[in-house]
Each structure stands twice: as C-alpha cells, then as structure tokens.
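*Asks:*
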Amino acid sequence: MIKVAIDGYSSTGKSTMARSLAKAVGYRYIDSGAMYRAVALFALQNKLIKESVIDTNGIIDRLDEIHINFMISPTGTQRTFLNNHDVEDDIRSLKVSSVVSQVAAIPEVRHSMVELQRKLGSEGGIVMDGRDIGTTVFPDAQLKIFVTASPETRARRRFNEMIEKGEQVDFDEILENIKERDHLDETRTVSPLRQAPDAILLDNSSMTLQEQSEWLLEQFRLCDNN
Ligand code: DC
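Each residue of the sequence shown is one higher than the one before, starting from 8 at the first, in the numbering used here.
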C-alpha cells in the first residue's frame with residue numbers, strides 16, 4: 008500500500024478528489040488542513056486570538072492541551088474532533104478561515120501537526136491532502152499531486168459551496184480571503200506551499216470535480232502498477 012500526497016492551493020477541490028480516491032481504493036483519507044483549522048478554533052475559543060491578533064506564545068504554551076482525531080460518521084464522511092468534541096462544522100467557518108494561515112505559520116504548531124500526520128500515515132494506505140505533504144510530511148510518498156486553479160475559479164467554487172449550505176456570504180470577501188491565504192501559505196518561512204520536484208501538476212480550472220477524481224484514479228493506477 009502506498010502513500011498519496013495531494014498538495015496545492017486552497018479551494019481547488021483537493022479534499023474532494025482525495026476523499027474520492029481513498030474511497031475508490033480502500034485507503035484512509037486524512038485532511039491535514041482540518042488539523043490546522045482545529046488549532047485555530049482552539050485559539051479562538053480560548054481567547055488566544057483577539058481581533059485577528061494572535062497570541063503566538065499562548066498557543067505554543069497550550070499545544071499539549073490540543074488533541075485532534077478523526078472519526079467516520081454513520082454516513083461515511085470524516086469528522087474532525089477537538090478534545091472529544093465534533094468541530095467539523097465550526098472549523099469551516101469564515102472566522103476560522105480568516106486566521107488559520109497565521110496559526111499554520113507558527114513553527115511549533117507545524118511541528119506538532121506534522122508529527123501527528125506522520126503517525127497517522129506510518130503504515131501507508133493513506134491519501135493525505137494539504138500544503139506540505141509531498142515536500143515535508145511524506146517526501147517518500149509514491150504519488151504526489153500538486154493542484155492549482157485561478158483565484159477567481161476557486162472563489163466561485165467556495166462561494167457556491169457556502170451558498171448551498173445556506174450561509175450568507177460575499178463573493179469579494181471570499182476572493183480576498185483566498186488571495187490572502189495564498190500569499191501567507193507561499194511566503195511563510197517553515198514549509199511554504201511549494202510543488203515538490205517529483206509532483207505531478209494539475210491545473211483544474213476547467214475540470215469538473217468528477218473529471219479530476221477520474222484523472223486522479225488513473226494516476227493512482229499508473230503508479231500502483233509500477
Ligand atoms: O486546506 P485548508 O484550506 O483546510 O487549510 C487550512 C489552512 O491550513 C491553510 O491556510 C493552509 C494550512 N495548511 C498548511 O499549512 N499545511 C497543511 N498541510 C494543510 C493546511
């Protein structure tokens with residue numbers, strides 16, 4: 008069983024394609040972004056972020072109080088748990104999205120999350136998506152994909168997703184958030200968002216989710232046969 012690393016920009020449908028591959032081949036799927044989101048939620052809940060100002064040392068001091076795990080719901084979807092509470096919905100809020108990149112840039116937070124990610128993937132048979140899976144977490148992954156699409160395409164997808172959930176959102180605010188996160192993810196000093204030299208590039212601006220999932224399954228079969 009191999010390790011599959013799917014990295015790339017936010018809102019490129021990475022999670023959907025990763026989840027669909029894992030289901031098709033019977034692997035475990037791990038959304039590493041959910042872990043950084045859970046840390047950001049913990050920081051918000053514990054007043055370690057006030058008016059977008061992050062208390063970095065406060066977060067570092069309390070890292071050992073943060074316990075993240077994943078469970079599969081009766082409908083087969085993955086849910087993220089923070090200290091035994093299901094936070095899957097809360098971690099997707101715009102409030103968390105607007106601070107998560109700053110939290111994910113803290114080296115101690117990354118160190119702790121990478122350790123957990125490696126533990127979860129130690130036996131292979133895993134599809135993990137994120138920003139640094141192919142470069143830092145699993146440089147030995149047998150299949151690495153780097154996904155990109157234009158910021159406008161990604162903002163439109165995110166906007167439609169949130170409208171479908173019944174949330175009131177503003178397209179320009181989402182676009183701004185995406186551009187800001189791209190910038191923070193690309194310029195942070197520890198494990199910045201980069202394509203691994205041995206990753207396959209996928210620009211999915213003009214692909215449907217189904218097309219990209221089929222494309223990924225094909226890449227998996229090619230890799231698994233070698
Ligand atoms: O994929 P996502 O939007 O849920 O990720 C949330 C944030 O976490 C995003 O700003 C980038 C960061 N992240 C990271 O730095 N490294 C990862 N492996 C996954 C996510």
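For glycine and all other residues, C-beta sits at the position ideal for the given N, C-alpha and C.
What you are looking at is a predicted structure, and each value in this text was computed from that prediction instead of being measured.
Let me check you understand the geometry: is the CB of Gly40 closer than 8 Å to at least one non-hydrogen atom of ligand 1?
*Replies:* Gly40: yes, Cβ under 8 Å from ligand 1.
*Asks:* Flag this pair as yes or no: are the beta carbons of Tyr16 and Leu223 separated by less than 9 Å?
*Replies:* Contact: no.
*Asks:* With a CB to CB cut of under 7 Å and the five nearest residues on each side skipped, what residues in its chain are close to His74?
*Replies:* So the qualifying residues of the chain are Asn90.
*Asks:* Out of Thr23, Pro204, Ile61, point me to the one whose CA is closest to Pro146's CA.
*Replies:* Of Thr23, Pro204, Ile61, the residue nearest in Cα terms is Pro204.
*Asks:* Considering only their Cβ atoms, is the gap separating Ile152 from Val11 smaller than 9 Å?
*Replies:* Against a cut-off of 9 Å, the Cβ pair of Ile152 and Val11 comes out as a contact.
*Asks:* Is it right to say Gly33 is buried, meaning 16 or more other beta carbons lie within 10 angstroms of its own, or is it exposed?
*Replies:* Gly33 is exposed by the Cβ-count criterion.
*Asks:* Look at Leu55 and Arg69 and say whether their C-beta atoms are less than 9 Å apart.
*Replies:* In contact: Leu55 and Arg69 (Cβ atoms closer than 9 Å).
*Asks:* What are the start and end residues of the beta strand (DSSP E) that includes Tyr36?
*Replies:* Here the beta strand (DSSP E) through Tyr36 covers 35 to 38.
*Asks:* State the Cα-Cα distance for the pair Val134 and Gln217, rounded to the nearest angstrom.
*Replies:* If I take the Cα positions, the gap works out to 17 Å.
*Asks:* DSSP state of Asn167, grouped into three classes?
*Replies:* Helix.
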